[in-house]
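J.: One point on numbering: in numbering that gives the first Met the number 0, the residue at position 414 of the sequence shown is 413, and numbering is uninterrupted. Can you keep this structure in mind? I'll have questions shortly.
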Amino acid sequence: MSGVVYLNYWNSASYTATQADYNIAWQFAYFSALPVNKVPMQIAAHIRSEMRRPINFYGLFTGDHQRITGDILAYPENVRPDGDGIWSKPVLAGQTAVHPEYLRTKAMKLENGDILVVSRDVDEMARLRAYMLGGLVWSAAIVVLGGLAIGILVSSSQLRRVRDVRRVVQQIAMGDFEARLPQAGRDEIAWLSIMVNHMLDEMSRLMHEVKGACDGIAHDLRTPVIHIRSLLARIPAGQLSQAHAPLLEQAREETEDVLQRFAAIMRISEIESIKRKKGFSDVDVDALCRKAADLYQPVAAANGLTFRIDLRARSTIRGDYPLLFEVLANLLDNAIKFTPEGGCVLLSAEEGHDGPTIVVSDSGPGIPDAERSAVFQRFYRSDLTSVVPGSGLGLSIVQAVVRLHDFSLTLSDAHPGLCVRLDCWAQFKRD
């Protein structure tokens with residue numbers, strides 16, 4: 000923009016100088032046509048005719064720059080006879096009515112060696128040029144400010160749409176797969192929202208189909224397995240041979256294990272439902288941990304373990320109390336189950352900058368780094384713990400509850416053993 004203003008300024012100045020030089024050239028043509036002895040008289044006549052508002056100023060000087068006549072009192076510096084015109088401020092006579100700021104001056108040598116100097120007042124043109132440049136600057140400022148205002152309005156509208164998209168994406172990341180991106184408008188963002196929503200519809204449909212199939216299988220098979228368990232329970236063990244009685248007892252245990260697995264699958268399906276968030280309330284972290292400790296301290300003692308607690312969290316969190324208690328129960332049960340006799344289990348809670356953190360650690364075999372993400376998968380059993388009875392669904396239930404609450408669960412090495420850290424605050428911030 001400054002380059003455009005400068006270009007216009009330079010063009011207007013060049014035009015003003017050209018016009019002034021053209022008018023001075025006409026003056027020179029007039030005076031050069033006169034006899035040399037009449038030039039002083041004609042200079043005086045021109046000065047008298049322009050007394051009220053002079054435009055041209057005249058000065059007649061000898062070859063050595065001595066003044067002869069005219070209202071220019073001193074020969075202007077840097078003015079060469081028969082040279083180009085220059086911008087100057089010659090010394091004018093005191094009786095001159097005006098004192099212009101901008102004068103274009105040229106000099107011409109006469110036949111007798113005298114030098115005629117003519118200065119032309121271009122103040123009017125300079126002021127017009129200034130007005131034009133001022134108008135150009137103001138117009139440019141209005142255009143720039145208007146463009147900025149329109150840009151801010153357009154960008155703020157787009158930013159609102161981006162914030163809406165980010166909010167919905169956060170909901171989807173938190174497990175609300177029914178949320179959809181806003182589709183208002185006809186631009187690229189709206190087109191992208193339509194495509195993403197279509198993709199989410201397909202993903203949701205496939206997930207519901209898979210989930211429905213798994214839940215249906217678990218539900219349908221649970222009934223015949225219950226019947227099998229009932230039939231096995233009716234068989235009197237005392238009437239069986241010594242070889243068949245252990246087989247009957249093993250069949251009963253396997254049936255019970257299958258029912259527990261089905262119950263765990265149905266439990267995970269229930270927890271993963273986002274509607275459970277409607278029942279959230281304030282949960283006292285200290286009371287929650289103490290209740291879990293009171294329940295599992297006797298179990299740890301019965302297994303020959305030391306159970307220690309270190310509770311320093313006094314805040315409350317938003318959550319589902321039964322589900323959070325189930326998380327602690329699963330973690331403590333695993334810690335006690337996999338810690339050998341003489342080991343130690345620790346339950347601690349502490350306050351952090353973002354919220355409370357619950358830690359369950361043990362001195363058992365731990366979990367190798369390569370398997371720490373796999374243990375949350377359904378039915379996964381590590382080689383180190385495969386000899387311990389279980390379904391491999393406990394940590395899957397824990398992970399489902401953690402995701403429902405938008406908490407964070409991390410596994411690390413306790414040197415020896417496993418350290419499970421539950422950060423009880425929202426990992427995704429809502430706008």
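Even glycine gets a Cβ: it sits at the ideal position worked out from N, Cα and C. Just so it is clear, the structure is predicted and the values come from calculations on it, not from any experiment.
What are the start and end residues of the beta strand (DSSP E) that includes R185?
T.: Run containing R185: none; DSSP gives neither H nor E here.
J.: L323 by DSSP, collapsed to three states: which one?
T.: helix
J.: Identify, in the order they occur along the chain, each residue of the same chain with its Cβ nearer than 8 Å to the Cβ of I188, setting aside the five sequence neighbours on each side.
T.: Q157, R160, V161, V164.
J.: Can you look up W424 in the DSSP assignment and give me helix, strand or coil?
T.: coil
J.: Considering just the uninterrupted stretch of the alpha helix (DSSP H) at I42, what are its terminal residues?
T.: For I42, the enclosing alpha helix (DSSP H) starts and ends at 38 to 48.
J.: Buried or exposed: K105, going by 16 or more other Cβ atoms within 10 Å of its Cβ?
T.: Result: buried.
J.: Please determine, among G184, R185, D186, L199, the residue with the shortest C-alpha to C-alpha distance to A178.
T.: L199
J.: Among the candidates I71, Q296, L109, whose CA atom is the shortest distance from the CA of V117?
T.: I71
J.: State buried or exposed for V243, treating a residue as buried only when at least 16 other CB atoms are found within 10 Å of its CB.
T.: First, the amino acid is wrong: residue 243 is His here, not Val. Under this definition H243 is an exposed residue.
J.: With DSSP collapsed to three states, give me the class of Y14.
T.: helix
J.: Quick check on the burial criterion: 16 or more other C-beta atoms within 10 angstroms. Buried or exposed for Q65?
T.: Result: exposed.
J.: With P297 as the anchor, note down where its alpha helix (DSSP H) starts and where it stops.
T.: 284 to 301
J.: For D20, name the three-state secondary structure that DSSP assigns.
T.: helix
J.: Tell me which residues share the same chain as D309 and place their Cβ nearer than 6 Å to its Cβ, disregarding the 5 neighbours each side in the sequence.
T.: S347
J.: Drop a sphere of 10 angstroms on the beta-carbon of S372, count the other beta-carbons inside from all chains shown, and report buried for 16 or more, exposed for fewer.
T.: exposed
J.: Ordered along the chain, which non-local residues of its own chain (more than five positions away) have a Cβ less than 8 Å from that of S385?
T.: At S385, the pLDDT of 49 sits below 50, so the modelled position is not reliable; the number obtained from the coordinates is stated separately. Excluding residues up to 5 positions away in sequence, nothing lies with its Cβ nearer than 8 Å to the Cβ of S385 in the same chain.
J.: Applying the criterion that 16 or more other CB atoms from any shown protein chain within 10 Å of the CB defines a buried residue, is A413 buried or exposed?
T.: Counting Cβ neighbours within 10 Å, A413 comes out buried, since at least 16 surround it.
J.: Would you mind stating whether T254 and L231 have Cβ atoms separated by less than 8 Å?
T.: yes
J.: Can you give me the C-alpha to C-alpha distance between H45 and N77, rounded to a whole angstrom?
T.: 25 Å
J.: For L403 and V419, which I take to be in contact (beta-carbon distance under 8 Å), what is that distance rounded to the nearest angstrom?
T.: The pair is not a contact, with the Cβ atoms about 17 Å apart (cut-off 8 Å).
J.: Which of the three DSSP states, helix, strand or coil, is assigned to G145?
T.: Helix, per DSSP.
J.: I need the straight-line Cα distance from L417 to H197, nearest angstrom please.
T.: 42 Å
J.: Between A172 and N333, what straight-line distance do the alpha-carbon atoms span, to the nearest angstrom?
T.: 29 Å
J.: So N329 packs on V374, CB below 8 Å; how close in whole Å?
T.: At roughly 12 Å, the Cβ-Cβ gap does not stay under 8 Å, so N329 and V374 are not in contact.
J.: Taking DSSP's pairing of strands, which residues face M107 in a bridge?
T.: L115
J.: When the distance is taken between beta carbons, is P99 closer than 8 Å to D120?
T.: yes
J.: Where do the ends of the beta strand (DSSP E) carrying S372 lie?
T.: From DSSP, S372 is part of no beta strand (DSSP E); its letter is neither H nor E.
J.: Going by beta carbon distance, what residues of the same chain come within less than 6 Å of Q94, once the five residues before and after it are set aside?
T.: Below a pLDDT of 50, predicted positions are generally treated as unreliable, and Q94, at 49, falls in that range; no measurement from the model is reported.
J.: Determine the extent of the beta strand (DSSP E) in which G58 is found, giving its start and end residues.
T.: 55 to 60
J.: Within the chosen definition, does the region 315 to 324 reach the region 334 to 346 through at least 3 CB pairs nearer than 8 Å?
T.: The region 315 to 324 makes no contact with the region 334 to 346, as fewer than three CB pairs between them are under 8 Å.
J.: Under the rule that 16 or more other beta-carbon atoms within 10 Å means buried, what is G363, buried or exposed?
T.: buried
J.: Going by beta carbon distance, what residues of the same chain come within less than 6 Å of G69, once the five residues before and after it are set aside?
T.: These residues qualify, in order along the chain: I42, Y57, G58, L59.
J.: Would A300 be called buried (16 or more neighbouring beta carbons within 10 Å of its own) or exposed?
T.: Classification for A300: exposed.
J.: Return yes when the Cβ of D285 is within less than 8 Å of the Cβ of R313, no when it is not.
T.: yes
J.: Would you say the region 28 to 38 touches the region 101 to 115, given that touching needs at least three Cβ pairs under 8 Å?
T.: The region 28 to 38, when compared against the region 101 to 115, does touch it at the 8 Å Cβ threshold.
J.: Report yes if the CB atom of P355 is closer than 8 Å to the CB atom of I316, and no otherwise.
T.: yes
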